[in-house]
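Numbering (our numbering), first residue to last: 52 to 248.
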């Protein structure tokens with residue numbers, strides 16, 4: 052229903068099953084609980100995707116790799132990704148969403164400790180800016196109007212952001228390219244809109 056952009060109602064959920072509408076209340080406490088659980092599932096999957104990113108000796112590469120993992124998650128679960136950011140419903144565990152940002156903050160702290168970023172850089176602010184780039188690309192490609200090739204813009208955008216934080220431009224570009232190289236290629240399920248009028 053999410054994929055087809057159909058209205059999700061109690062009746063449509065149970066249509067064609069042997070389950071009554073009461074099951075939604077039994078297991079989720081109603082429709083609000085169901086949406087809350089869907090949002091939570093999205094952040095749980097995202098946390099698992101980010102946790103799978105291996106830490107290397109290059110924290111800037113790791114930042115880009117986290118961004119690539121974020122985008123890969125959105126591309127693999129575009130319908131769930133849209134639900135994740137529906138602020139009309141709370142999360143069961145807000146820590147799952149916070150964990151996404153904390154992984155970026157940790158990598159930025161490492162980059163500062165290694166002399167890649169200036170000491171006065173605010174890790175939370177830079178992490179938020181980095182997440183904004185990833186979320187913008189994900190929204191435009193995974194659930195929006197732009198083709199998969201648009202993801203290549205992540206390299207120059209992240210390079211510019213991390214260079215502004217103090218990294219040397221050439222070294223930064225190489226690190227970002229290595230991390231961004233974890234981005235999955237366009238597959239048969241990707242949303243290639245190049246043939247649209």
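Virtual Cβ for every residue (Gly too), placed ideally from N, Cα, C. Just so we're clear, the structure is a prediction, and the values are computed from it rather than from any experiment.
Exercise for the section: Output the distance between the C-alpha atoms of residue 223 and residue 111, rounded to the nearest integer angstrom. Expected result: 7 Å
Handout entry: Proximity winner among 184, 194, 163, relative to residue 174 (alpha-carbon distances)
Key = 163
Exercise for the section: Quick one: grab the DSSP three-state call for residue 114. Expected result: Residue 114: helix per DSSP, three-state reduction.
Handout entry: residue 134 vs residue 64 beta-carbon contact at 8 Å
Key = No; because the gap between Cβ atoms is not below 8 Å, this pair is not in contact.
Exercise for the section: Please specify which runs of the alpha helix (DSSP H), each continuous and at least 4 residues long, are wholly inside the stretch 122–190, giving them in chain order. Expected result: 129–135, 145–164
Handout entry: Residue environment, residue 104, which counts as buried when at least 16 other CB atoms sit within 10 Å
Key = buried
Problem - Continuous alpha helix (DSSP H) stretch holding residue 220: start and end - result: For residue 220, the enclosing alpha helix (DSSP H) covers residues 220–231.
Practice task
Could you check the C-alpha separation between residue 74 and residue 143 for me, to the nearest Å?
Solution key: Looking at the two C-alpha atoms, the distance is approximately 19 Å.
Practice task
Determine contact between the stretch 175–182 and the stretch 224–231, defined as no fewer than three beta-carbon pairs at a distance below 8 Å.
Solution key: Between the stretch 175–182 and the stretch 224–231 there are fewer than three C-beta pairs closer than 8 Å, too few to call the two in contact.
Exercise for the section: Determine the closest residue to residue 206 out of 156, 58, 232, with distance taken between C-alpha atoms. Expected result: Checked all of 156, 58, 232; the closest Cα to residue 206 is 232.
Practice task
Pair every Cβ in the stretch 190–204 with every Cβ in the stretch 118–138, then say whether three or more of these pairs are closer than 8 Å.
Solution key: yes
Problem - Straight-line gap, residue 170 to residue 57 (C-alpha atoms, nearest Å) - result: 50 Å
Handout entry: Close Cβ partners of residue 100 (< 7 Å) along its chain, the five nearest in sequence each way excluded
Key = Only 120, 123, 124 meet the Cβ criterion.
Exercise for the section: Compute the Euclidean distance between the alpha carbons of residue 84 and residue 221, then round it to the nearest angstrom. Expected result: 49 Å
Problem - 8 Å Cβ shell around residue 185 - same chain, five flanking residues per side excluded - result: 118, 121, 122, 205
Handout entry: Rounded separation between residue 146 and residue 113 - CA only
Key = Separation of residue 146 and residue 113 (C-alpha to C-alpha, rounded to the nearest whole angstrom) is 22 Å.
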